[in-house]
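Everything in the sequence shown is counted per the working numbering, starting at 4 for the first residue and increasing by one. Let me begin by presenting the structure, written as structure tokens, before commenting on it.
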Amino acid sequence: MKKIFCGIITVYLFIQYEAFSQGSWAGTIHTTTKPVSSPPKPLNPSSSPGYTGYPVVEGDGGESKMAEQYLKAAQLYGEAARKTKCEANRIFYSAQATYHSCLADQLRIGSIATCTKPTQQLIYCADDNEQSLASSESLERDSYAVDQQIRQRAASSTNATNQALYEQQQQLGETIKDPTQRRDYLNTINQYQSQQAAVNQSVEAVGGLIAGLLDAGRQRREKAEAAAQKRAAYEERLAEKREEAREAEEARAEAERQRLALIRQQRDYILSPAKAKQLPSASINSQTRSIYYLPYVVLNETQIWLADEPFAITRYADGSWPLLRDVEAQIQGKLQKDYGLADVLPVLCGYYIRMEEAQQARTEITIRSLKQTGFMVYPFSFGSPNAEGQDNVSTDFWGEKKDTSGQSKSAEKQKSKTSFWNN
4 MKKIFCGIIT VYLFIQYEAF SQGSWAGTIH TTTKPVSSPP KPLNPSSSPG
54 YTGYPVVEGD GGESKMAEQY LKAAQLYGEA ARKTKCEANR IFYSAQATYH
104 SCLADQLRIG SIATCTKPTQ QLIYCADDNE QSLASSESLE RDSYAVDQQI
154 RQRAASSTNA TNQALYEQQQ QLGETIKDPT QRRDYLNTIN QYQSQQAAVN
204 QSVEAVGGLI AGLLDAGRQR REKAEAAAQK RAAYEERLAE KREEAREAEE
254 ARAEAERQRL ALIRQQRDYI LSPAKAKQLP SASINSQTRS IYYLPYVVLN
304 ETQIWLADEP FAITRYADGS WPLLRDVEAQ IQGKLQKDYG LADVLPVLCG
354 YYIRMEEAQQ ARTEITIRSL KQTGFMVYPF SFGSPNAEGQ DNVSTDFWGE
404 KKDTSGQSKS AEKQKSKTSF WNN
């Protein structure tokens, strides 16, 4: 009889453990994730094949195995009902045999019969277990020790779902009256919870590793973002400095432009007494034999090189005038040779009909330069060119050879023309 009871209890606990594995136990954790709440029980047990309090998932491949287990449990419950000496336990075993047989039919042949879950409880029966009285104290001690482990695990659990599950399993164990069954149940629950705790620890370790990897990735991202922000800030500061440098350069260029404009304005004021350059022409009064020019040179914006005396050019006998570009070239050569002023282009003011007018212009320029800060007038001398016209010149104003056939034979060989400087 004891072997029968142990077999029944083993089958009962095995079925309950399979219910844990198939997700049929309320709130049991079967994955590495946080335990989820139990699925709702169907209102009608017949609406779910293999009704065990929670629906069996169809198509999971476990229907045949569960049917075999239900049939085996029904057979063992039936055998226990025939052998028990306690009427209350016979009713319990018979009800369990009928219930498990009904569940097996639902899975095997698709029965639609309603499988009513028994409400009877298995009671302690001394006639069924000769050693129950002798071992009751030992069973109580063992059950108490396991019960305390379950209680401690429930109290120390940091997961609210697991804590509620442990408390529910512990409370369910208290409802079992038979000491042997209660001990076996508590041992099974304790073993299952220990295994689940080990799984949870592994999950926590893996979770910690994943969290560490994620944290390392987050730190790398934050470091990269900080570097990008630092680089962007540096580029922004660099752009600001470039903009400041550009604005400073524009301001400097504008200040220089204004300075030069002011200098040119002041220089124009200083040189305003000088007439603009005019070329001599035959339209000048024929009685006028000489005209006067006042040359000057501007260096470095504020240096004015002014001839110490105006010079005169004299009309040729044919009424033409010397070429001014030749005069300018000779003045330029004189400045380079005597004063070291290379690559300068002299400016000729005039012409003036009278020497006094040219001298007055020079005096006015000198006086005005003294009134302007930063300007200097430097005198230079180049002598007085002999520009008097010759009656027997061999060329006209344009430098073409004259016709001398009407002149005496004694003058056939013409004397070469003297230079501008009478050399």
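Idealized CB from N, CA, C, for every residue including glycine.
Check: Touching or not, the stretch 261-279 and the stretch 351-366, by the rule of three or more beta carbon pairs under 8 angstroms?
Finding: The stretch 261-279, when compared against the stretch 351-366, does touch it at the 8 angstroms Cβ threshold.
Checklist line | Reduced DSSP secondary structure (H/G/I, E/B, other) of Leu302 | finding: The residue you call residue 302 lines up with position 299 of the sequence shown. Leu302 falls in the strand class under three-state DSSP.
Check: Residue range of the beta strand (DSSP E) that Val350 falls in?
Finding: Position 347 of the sequence shown, counted from the first residue, corresponds to residue 350. It spans Val350 to Tyr355 - the beta strand (DSSP E) in which Val350 sits, taken as one unbroken run.
Next item on the list: Determine, using beta-carbon pairs with one atom in the stretch 317-337 and one in the stretch 258-265, whether at least three such pairs fall under 8 angstroms.
Entry: Judged by Cβ distances under 8 angstroms, the stretch 317-337 makes no contact with the stretch 258-265, as fewer than three pairs qualify.
Next item on the list: Would you grab the beta carbon distance between Asp311 and Phe383 for me? Rounded to a whole angstrom, and I think it's under 8 angstroms.
Entry: Counted from its first residue, the sequence shown places residue 311 at position 308. Counted from its first residue, the sequence shown places residue 383 at position 380. Between Phe383 and Asp311 the Cβ distance is about 7 angstroms, and since that is below 8 angstroms, they are a contact.
Notebook entry, point to check: Under a three-way DSSP split, which group does Thr317 fall into?
Noted result: Along the sequence shown, one-based indexing puts residue 317 at 314. DSSP, reduced to helix, strand and coil, places Thr317 within a strand of the structure shown.
Item checked: Of the residues Ile112, Arg111 and Ala76, the one placed nearest Ala98, counting alpha carbons only -> Residue 98 sits at position 95 when you count from the first residue of the sequence shown. Nearest C-alpha to Ala98: Ala76.
Notebook entry, point to check: Comparing alpha-carbon positions, which option in Leu309, Ile294, Leu338 and Gln335 lies nearest Glu359?
Noted result: Here residue 359 is taken as the residue at index 356 of the sequence shown, counted from 1. Comparing Cα positions, the closest option is Ile294.
Notebook entry, point to check: Should Cys352 and Tyr272 be called a contact, given that it needs their Cβ atoms to be closer than 8 angstroms?
Noted result: In the sequence shown, the residue the question calls residue 352 occupies position 349. In the sequence shown, the residue the question calls residue 272 occupies position 269. No, the pair does not count as a contact, with Cβ atoms beyond the cut-off.
Next item on the list: Pull up the CB-CB distance for Tyr96 and Ala84, whole angstroms please, since I reckon it's below 8 angstroms.
Entry: Mapped onto the sequence shown, residue 96 falls at position 93. Mapped onto the sequence shown, residue 84 falls at position 81. That pair is a contact at about 4 angstroms.
Notebook entry, point to check: Rounded to a whole number of angstroms, what is the C-alpha to C-alpha distance between Thr317 and Gln281?
Noted result: Here the question's residue 317 lines up with position 314 in the sequence shown. Here the question's residue 281 lines up with position 278 in the sequence shown. Those two C-alpha atoms are separated by around 15 angstroms.
Margin query: Looking only at its chain, what residues have a beta carbon closer than 7 angstroms to the beta carbon of Thr291, apart from the 5 residues adjacent to it on each side?
Written below: Taking the first residue of the sequence shown as position 1, residue 291 is located at position 288. Ile356, listed in sequence order.
Notebook entry, point to check: Are the Cβ atoms of Leu309 and Val380 separated by less than 8 angstroms?
Noted result: Taking the sequence shown and counting its residues from 1, the one referred to as residue 309 is at position 306. Taking the sequence shown and counting its residues from 1, the one referred to as residue 380 is at position 377. Their beta carbons are under 8 angstroms apart, which means Leu309 touches Val380 by this criterion.
Notebook entry, point to check: At what residues does the beta strand (DSSP E) containing Val380 begin and finish?
Noted result: Numbered from its first residue, the sequence shown carries residue 380 at position 377. Val380 -> beta strand (DSSP E) spans Met379 to Phe383.
Next item on the list: With DSSP as the reference, label Ile368 as helix, strand or coil.
Entry: Within the sequence shown, residue 368 is the residue found at index 365, counting from 1. In this structure, Ile368 counts as helix in the three-state DSSP scheme.
Check: So the alpha helix (DSSP H) Cys105 belongs to, where does it begin and stop?
Finding: Your numbering for residue 105 matches position 102 in the sequence shown. Where Cys105 is concerned, the enclosing alpha helix (DSSP H) stretches over Glu90 to Arg111.
Item checked: Bridge partners - Ile307, DSSP secondary structure assignment -> Reading the sequence shown from its first residue, position 304 is the one you call residue 307. Paired residue(s): Val301 and Val380.
Checklist line | Environment of Tyr80 [buried if 16+ CB atoms lie within 10 Å] | finding: The sequence position of residue 80 within the sequence shown is 77, counting from 1. Its Cβ being crowded by 16 or more others within 10 Å, Tyr80 is buried.
Next item on the list: Select from Leu106, Ser289, Pro313 and Gln78 the residue whose C-alpha is nearest the C-alpha of Gly386.
Entry: Start at 1 with the first residue of the sequence shown, and residue 386 comes out as number 383. Checked all of Leu106, Ser289, Pro313 and Gln78; the closest Cα to Gly386 is Pro313.
Checklist line | Length of the line joining the Cα atoms of Glu257 and Ala230 | finding: Along the sequence shown, read from residue 1 onward, the residue named residue 257 stands at position 254. Along the sequence shown, read from residue 1 onward, the residue named residue 230 stands at position 227. Approximately 40 angstroms between the Cα atoms of the pair.
Checklist line | 8 angstroms Cβ shell around Leu241 - same chain, five flanking residues per side excluded | finding: By one-based count along the sequence shown, residue 241 stands at place 238. No residues qualify anywhere along the chain.
Check: Does the beta-carbon distance from Ala70 to Ala107 come in below 8 angstroms?
Finding: Along the sequence shown, one-based indexing puts residue 70 at 67. Along the sequence shown, one-based indexing puts residue 107 at 104. Contact flag set, yes.
Next item on the list: Determine the extent of the alpha helix (DSSP H) in which Gly386 is found, giving its start and end residues.
Entry: Within the sequence shown, residue 386 is the residue found at index 383, counting from 1. Counting along the chain, Gly386 falls outside any alpha helix (DSSP H), and DSSP gives it neither H nor E.
Item checked: Bounding residues of the alpha helix (DSSP H) (the contiguous stretch that carries Val347) -> The residue you call residue 347 lines up with position 344 of the sequence shown. Counting along the chain, Val347 falls outside any alpha helix (DSSP H), and DSSP gives it neither H nor E.
Margin query: Nearest by alpha-carbon distance to Gln72: which of Cys89, Glu90, Lys88 and Arg111 is it?
Written below: Numbered from 1 along the sequence shown, position 69 holds the residue referred to as residue 72. Nearest to Gln72 by C-alpha distance, out of Cys89, Glu90, Lys88 and Arg111, is Arg111.
Next item on the list: Could you tell me the boundaries of the alpha helix (DSSP H) in which Ile450 lies?
Entry: In the structure as shown, the chain starts at 4 and stops at 426, and residue 450 therefore has no counterpart that could be examined.
Note to self: Contact defined as beta carbons within less than 8 angstroms: I believe Val347 pairs with Gln335. What is the distance between those atoms, to the nearest angstrom?
What the structure shows: Position 344 of the sequence shown, counting from 1, holds the residue named residue 347. Position 332 of the sequence shown, counting from 1, holds the residue named residue 335. The Cβ separation is near 7 angstroms, so the contact holds.
Check: Does any C-beta atom of chain C lie closer than 8 angstroms to the C-beta of Gln222?
Finding: Included in the structure is just one protein chain, with no chain C present.
Note to self: For Gln375, report the span of its alpha helix (DSSP H) as first-last.
What the structure shows: On the sequence shown, position 372 is the one that residue 375 refers to. Where Gln375 is concerned, there is no enclosing alpha helix (DSSP H), given that its DSSP letter is neither H nor E.
Item checked: Assigned exposure category for Ile370 - 16 Cβ within 10 Å defines buried -> For the purposes of this step, residue 370 is taken as residue 367 along the sequence shown, with counting starting at 1. Per the 10 Å Cβ criterion, exposed.
Item checked: Residue closest to Ile287, alpha-carbon to alpha-carbon, out of Leu217, Ala315, Ser323 and Gln155 -> The residue labelled residue 287 in the question sits at position 284 within the sequence shown. Nearest C-alpha to Ile287: Ser323.
Margin query: Rounded to whole angstroms, what is the Cα-Cα separation between Gln124 and Lys88?
Written below: Taking the first residue of the sequence shown as position 1, residue 124 is located at position 121. Taking the first residue of the sequence shown as position 1, residue 88 is located at position 85. Looking at the two C-alpha atoms, the distance is approximately 16 angstroms.
Next item on the list: Name the one or two DSSP bridge partners that Ser293 has.
Entry: Here the question's residue 293 lines up with position 290 in the sequence shown. Partner(s): Thr317.
Check: For Thr119, does the count of other Cβ atoms within 10 angstroms reach 16, so buried, or fall short, so exposed?
Finding: Here residue 119 refers to the residue found at position 116 when the sequence shown is read from its first residue. That one is exposed.
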